[in-house]
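Residue numbers (the working numbering), protein chains in the order written: chain Y, 19 to 241; chain H, 26 to 324; chain R, 67 to 472. No residue lacks a Cβ here, since even glycine has one placed at the ideal position from N, Cα and C. Comments concern the structure below.
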Amino acid sequence: MTRAIFIKEWLKTRRCFIICLALALCFAAYLILSMNRVAVNKGVDHIWLIMLMKDNMFVEAMKYLPVVIAVALAIAQMAPEMSQKRLKLTLHLPYPQTRLVALMLLTGVVELLVIYCMQLSAIAIYDSTFLPHELTSRVVLTTLPWYVAGLTAYFVVSAICLECSTKRRVVLGLLGVCALYPFFVQPAPEAYNCFLPWLVIFGFATSLLSFCSIYRFKEGVQD
Amino acid sequence: MTTNDPPVISVKNLTQRYGKGRVIYENLSFDVPQGRILGLLGKNGTGKTTTINILMGYLRPQSGTCRIFGEDITRMSPAARARIALLLEGHVQYSFMTISQIEKFYSRFYQKWNRDAYYGLMKKLRVSDRQRISTMSCGQRSQVALGLILAQNADLLVLDDFSLGLDPGYRRLFVDYLREFARAEDKTVFMTSHIIQDMERLIDDCIILDYGKILAQMPVEKLMRTFTKYVYLSPEDAPLPADEAIVNPARVRKSCEVYSFLDADKVRDILSAQKIPFEDFHTEKMSLEDVFIGMTGKY
Amino acid sequence: MKKISTIFLYLLATAALAWALPWMYNLLLPDGSRVPYISYSPLSGEFIATDQGESWVVNPDGSKGRGVAVAERDSLLPQQYFVQLSNTGRLPDSILGREVSPKILKNTNFVFRSSPRDVNKRFADVYMIMESRPARVDFEDPKEVFRTTSDGRLEFIRIADCTVNDDRSARFSKVFADRGFAFPMRDFSANVTTRKPFDAGYLMIDDNGKLYNMLQQAGMPFLKAIQLPGSVKADKALVMENPDGRHIGFVVDTEGTTYVVGSEYDVKRLDIGKFDPRRDNLLIMGSIFNWIVRIANDDQIAWKVVDPDNYSLVAEFVMPQTQSKIEQIGAYIFPFTIAYDSLNDSFARLRVENFSLSALWLNLVLALVTVVVMRRRRKQPIAVVAAAAGVLVVGVFLFIPLLTLN
């Protein structure tokens, strides 16, 4: 049954997943080519200088991409459930409902992690060809909050999609903005090193919002 | 089944309102015994889908209790859900799946899954196994939904407005398959439809809902036997009878019609008591649809 | 799960409002408080404030003293307005016995800043190092960086191919070992840029609180242990490279006392009282007449004038940072606020701050309203008590979700 649920979620999201993966890799390629252009035109030492003196990690352009990908994936996965209230079919499956919703969310998280890992690996592998590990890890640590923001956005948008009341959707949207704000408040590299573990816990805790929406759906809440 | 067997569906004192306002129904109670087919009839907006939502646990009733297979519907176990086949209004299914994907998907959840029943029906559709449900016509989708219900081989079938959007051929096909299946396998069915003529061929018992109240709750055979349409001629200036036992009196020129559970003599007595002149007083045979309209009115 | 998810929803809404409401409050109601620009006249010995084109003498109690016309202000502050004075032929040849000219004043004036935001940040674990004695006149961009290793060595990495320069690493490591530098490095400061008059290299503080100056001269290591007075333990170093080349920086000890480090490695106490680079914003406007040191933190702004020769205190003026009316009213509404960043560091973290007991009165009223509303909604007694207790503590931030998320 678990496998069937994973397959169902995969069938819903596979197109979006492939598009998002391609987008993420294209962005990684763009960042790599941009750095390569600087390295060819101005020398590798210019990249080092900018990284160390200007705190520019050459990844600023992808700051909001993980959130955009997460929002797209959450909509692709959850919107079909709410279209024509198809969620009734899902919740009617002879499977514990909490576990069922958790598995749905887990599928999305796994897909996101695959996209994020591939993108980050591409950037990190390229960086490590001409940067010391200290700077490569600095790049990775600078981007990690954005990926955690992506996971949080995925959970919040899933909850919004699964919510049956428009008013509550607006409330969840506003809460989502507030929940994502701390991930983008500090632009300095590695500013989140100490905060990141807490943000990871917080990000995963936002998955509880989807369960709130499911319970409200089961109670038949409407505007 | 014996009379001591617990009902498959047991609803007690169900009351539901739209928000805090209009009453949908108050103190609705009914049982659906094993092997019976119960039709919930009513005009649009009388609460048919609401009742299905409550029974399936997608709406918390304002008061009252509902049990299916003895379990409180608000805490229904996966095992109990496995015994219920659900057809959503509009034959909604996972339209992003293909014919074969959806069969494979559901087959993992139901132990009594009957693959042949599903593919037997699909063969008639002449569609490819790899065709996505979203690309099918409404009629074809209804057959997919029906096929899945048949394959699930559930003990209770809950069907919400199965006839919605179907042309007469597909409606007939759906009804025939369902009736055959339910009778042969001794299945219990709880269904709604706004096309009453389909129900007549199918249901054993019915509940007729009107806005805010239940008009009738009885076996269809009894309803057809006891609810009668009386027609008579009366001068155009004569009033129509006003009595609780007479429903929806209407007139076209001199021709009047009234509906009642009372027998002909008692209706005549009422007309006489109210000094309404009448002649050519007789009954007319009714279909279930006529009964429904007679009971609920044309508006 | 239903209870847990519902509680989380309320917690999230409370936290979101604890951030959003004070933010919106401050956005909609700017407090309008401004701190004037304050300087010190070496001629009159008075603090002179300037704001929106108006200048006045600051009385010792901080009140507004006599007004100062523009021409008078220029004359009173020759270290700042020497261009204007020179253009109008009012700049004398000497002031207070010191020879002055626009060129002298321009070359000796300096501005030095230190901000907690630049101090409290995560630095990269590799450090750029310049050649202090370049073969040509101008400085060149660094060609190598170094890292410190866990076994107490310096490892130089060539930027061009990201390989370790073993020779240089060995030479520098040996010098550090010979000079007794105790790893790990507690603090460092350097100003790696080609646009500077000279290279003071790195000021480094070792694990024992000893101060060192490290330079790369013709590719060779130079490491000088700088003698600090008495038993002073260095805590924070700040490099300063002014055109006159008199100083190489400052060092702040563990007690918050600041010392000036001269180019001859002479260390003298800067009489500005306590200074914490991790908390205080420092601005030094130096001239041949005086150094005007502005130290600002959340509690106060202090202007300290020190003698540029012996660094003794000449005059001081302290302005406490008081709450504006808007802030005072806010303290009656918000029992606390949530922020994720700060002007005092470059870290992101949860900051629950601005606790206010004044908001308890409003909290109490809101808690009573909560009880009435929830009883009307026929909530369970335990839920009513929990909600009222929550509102009593976090006030309006929970009250709004309780009212709207029912």
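- In this model, H/G95 and H/G89 are separated by some 15 Å (Cα to Cα).
- Against chain Y, the beta carbon of H/F121 has neighbours under 8 Å at L29, K30, P98, listed in chain order.
- Contact fails between the segment 326–334 of chain R and the segment 343–354 of chain R, because fewer than three Cβ pairs, one in each stretch, are under 8 Å apart.
- Each of Y/L105, Y/F35, Y/L118 was checked against the Cα of H/P103, and the nearest Cα belongs to Y/L118.
- Going by DSSP, R/I404 is part of the beta strand (DSSP E) stretching over 403–405.
- By the criterion of at least three beta-carbon pairs nearer than 8 Å, the segment 24–31 of chain Y is in contact with the segment 91–108 of chain Y.
- Under a criterion of Cβ atoms nearer than 8 Å, the residues of chain H adjacent to Y/Y113 are, in order, P103, F134.
- Taking R/I195 as reference, the option from R/V149, R/A266, R/F247 with the minimal CA-CA separation is R/A266.
- For H/R208, the nearest beta carbon of chain Y is not closer than 9 Å to its own beta carbon.
- Contact check for H/D186 against H/K73 passes: the beta carbons are separated by less than 9 Å.
- In the three-state DSSP reduction, R/E330 falls in the coil class, being neither helix nor strand.
- Excluding residues up to 5 positions away in sequence, P401, N429 lie with their Cβ nearer than 8 Å to the Cβ of R/V459 in the same chain.
- For H/F187, no beta strand (DSSP E) run applies, since DSSP gives it neither H nor E.
- For the set Y/M75, Y/C38, Y/F148, Y/D145, the Cα lying nearest the Cα of Y/E129 is the one of Y/C38.
- Taking 7 Å as the cut-off between beta carbons, the residues of the segment 178–204 of chain R near chain Y are K187, R188, A190, D191, V192, M194, in sequence order.
- Three or more beta-carbon pairs separated by less than 8 Å are not found between the segment 158–178 of chain R and the segment 186–201 of chain R, which leaves the two stretches without contact.
- Of all residues in the segment 136–163 of chain Y, the ones placed with a Cβ closer than 7 Å to any Cβ belonging to chain R are F148, L149, P150, E152, L153, R156, in chain order.
- Using a Cβ-Cβ cut-off of 9 Å, Y/I25 counts as an interface residue toward chain H, since at least one Cβ of chain H sits closer than that to its own.
- In the structure shown, R/F254 adopts extended strand secondary structure according to DSSP, grouped into three states.
- At a cut-off of 9 Å between C-beta atoms, H/G82 counts as an interface residue with respect to chain Y.
- Residue-level contact check: Y/E237 touches chain H, since one or more beta carbons of chain H fall below 9 Å from its beta carbon.
- Closer than 9 Å to the CB of R/D207 there is at least one CB belonging to chain Y.
- Sequence-distant Cβ neighbours of R/R312 in its own chain, meaning closer than 8 Å and more than five residues away, are G328, S329.
- In the three-state DSSP reduction, R/Y268 falls in the strand class (E or B).
- H/K148 has a beta carbon lying at 9 Å or more from every beta carbon in chain Y.
- Per the coordinates, the alpha-carbon of H/I158 lies some 15 Å from the alpha-carbon of H/Y131.
- Within 10 angstroms of the beta-carbon of Y/A40 lie fewer than 16 other beta-carbons, which makes it exposed.
- The DSSP-derived three-state label of R/S99 is coil.
- For R/L143, the closest C-alpha among the options R/V241, R/G155, R/E112 is that of R/E112.
- Burial is judged here by how many other beta carbons sit within 10 angstroms of a residue's own beta carbon; Y/C182 has at least 16 and is buried.
- Nearest Cα to R/L432 within the set R/T72, R/D217, R/G456, R/A79: R/G456.
- Contact between Y/L214 and Y/L162 holds: CB atoms are separated by about 6 Å, below the 8 Å threshold.
- With distances taken between CA atoms, R/S110 lies nearest to R/V124 out of R/S99, R/V124, R/V101.
- The C-alpha of H/A209 is placed about 12 Å away from the C-alpha of H/D201.
- Using a Cβ-Cβ cut-off of 7 Å, R/M351 is close to nothing in chain Y; its nearest Cβ partner there is about 25 Å away.
- Sixteen is the threshold: when 16 or more other Cβ atoms of the shown chains lie within 10 Å of the Cβ of H/G67, as they do, the residue is buried.
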